[in-house]
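Chains B and Y, in that order, are what the protein sequence lines are. Here full-length UniProt numbering is used: the first residue of the first sequence is 1, the next is one more, and so on. Here full-length UniProt numbering is used: the first residue of the second sequence is 1, the next is one more, and so on.
There are 2 protein chains.
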Amino acid sequence: MIRHVVLFTWTEDATDEQKAAVAPELRKLPAAIPQIRSYTVGPDAGISPGGHDFAVVADFDSVADFETYRDHPVHQAVIAERIKPIMATRAAAQLSL
Amino acid sequence: MIRHVVLFTWTEDATDEQKAAVAPELRKLPAAIPQIRSYTVGPDAGISPGGHDFAVVADFDSVADFETYRDHPVHQAVIAERIKPIMATRAAAQLSL
Numbered sequence: 001m002i003r004h005v006v007l008f009t010w011t012e013d014a015t016d017e018q019k020a021a022v023a024p025e026l027r028k029l030p031a032a033i034p035q036i037r038s039y040t041v042g043p044d045a046g047i048s049p050g051g052h053d054f055a056v057v058a059d060f061d062s063v064a065d066f067e068t069y070r071d072h073p074v075h076q077a078v079i080a081e082r083i084k085p086i087m088a089t090r091a092a093a094q095l096s097l
Numbered sequence: 001m002i003r004h005v006v007l008f009t010w011t012e013d014a015t016d017e018q019k020a021a022v023a024p025e026l027r028k029l030p031a032a033i034p035q036i037r038s039y040t041v042g043p044d045a046g047i048s049p050g051g052h053d054f055a056v057v058a059d060f061d062s063v064a065d066f067e068t069y070r071d072h073p074v075h076q077a078v079i080a081e082r083i084k085p086i087m088a089t090r091a092a093a094q095l096s097l
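Written as C-alpha cells, this is what we have:
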C-alpha cells in the first residue's frame, strides 16, 4: 500500500471562505478517482500549537494508482483553483506499507 | 477519531545509520502506549520529487489519548535521542475525523 501524506499552510491573505472550500472540494475526488482506497482530509484541529493548517492522508493499492490520482485532471483542477491561490507552504511524503 | 500527521526532513549531516534507526524505534511505541489505535511510520518512498524525508500517521480515539501519546516519556525519549539530533524541519497537524 502507498500512503500519501500532505501538510499545507495557508497564506495570511487567505479568507475563511477560501480555507473552508478546500476540504469539500477534495472530498469529491474519491467519487471521480476510483484508485483512491481511503481519503482523509481536513483542517488542523487546533490541539497542539504550531501546527500546519491542513492535512491530507490518501491510501492507494499501488504506486501506479497513486500516480493516477496525483496527475488526474479533476485533482489538478482542485489544486489549481482551490489550493494554489491560498497555499503558503506544502510538505509531502509517501509511505510504502 | 484524531489522526496525527507529521512530516520530517533530516539534516544534511544525518548518517544513513541515524536515519535508519528512527522507524524501528518509533514502531516500538504502540507496545508501550496502548492509547495508539493505529500507527504507520517510515521514510519517504521516493516516488515524487521534493518530498519530505519521513512521515508519521497515528490514530487515536480521543484528544486525551493523543495527548497521552504526545507527552509520553517513552515517546519523548525517541524524540530526544533519535529524531531531534537529525531533524532539520518538522510539519504536523491533527485531523478530527
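In this text, a Cβ means the ideal position worked out from N, Cα and C, and glycines have one as well.
Does the distance from the CB of residue i to the CB of residue j come in under 8 Å?
i, j, result
"residue 100/Y", "V63/Y", "Residue 100/Y is absent from the structure shown; chain Y starts at 1 and stops at 97."
"I79/B", "A14/B", "no"
"Q94/B", "D59/Y", "no"
"V74/Y", "A32/Y", "yes"
Comparing C-alpha positions only, which one of the options sits nearest to residue i?
i, options, result
"F8/B", "P24/B, L29/B, H52/B, S48/B", "H52/B"
"W10/B", "M1/B, V22/B, I2/B, H72/B", "V22/B"
"P30/B", "A88/B, Y69/B, L95/B, E81/B", "Y69/B"
"A91/B", "Q35/Y, F54/Y, I36/Y, A20/Y", "F54/Y"
"S18/B", "S96/B, E81/B, L97/B, T89/B", "The amino acid at residue 18/B is misidentified as Ser; the sequence shows Gln. Ranking S96/B, E81/B, L97/B, T89/B by Cα distance to Q18/B puts E81/B first."
"S38/Y", "M1/Y, G46/Y, A88/Y, K84/Y", "M1/Y"
"E12/Y", "P24/Y, T89/Y, Q76/Y", "T89/Y"
"D71/Y", "K84/B, I47/B, S96/B, A77/B", "I47/B"
"Q35/Y", "A77/Y, S96/Y, E67/Y, I83/Y", "E67/Y"
Under a Cβ-count criterion, where at least 16 other Cβ atoms within 10 Å of its own Cβ denotes burial, should residue i be classed as buried or exposed?
i, result
"L26/B", "buried"
"D65/Y", "buried"
For residue i, which residues does DSSP report across the bridge?
i, result
"T15/B", "In the DSSP output, where bridge partners are listed per residue, T15/B has none listed."
"V6/Y", "V56/Y, A92/Y"
"T40/B", "V57/B"
"M87/B", "W10/B"
When Cβ atoms are compared, which residues of the stretch 32–55 of chain B fall closer than 9 Å to chain Y?
T40, V41, G42, P43, D44, A45, G46, I47, S48, G50, G51, H52, D53, F54, A55
To be precise: take each residue of the stretch 53–77 of chain B, compare its Cβ to all Cβ atoms of chain Y, and keep it if any distance is under 9 Å. Which residues remain?
D53, F54, A55, V56, V57, V63, F66, E67, R70
Taking only beta carbons into account, state which residues of the stretch 3–18 of chain B come closer than 7 Å to chain Y, listed in chain order.
R3, V5, L7
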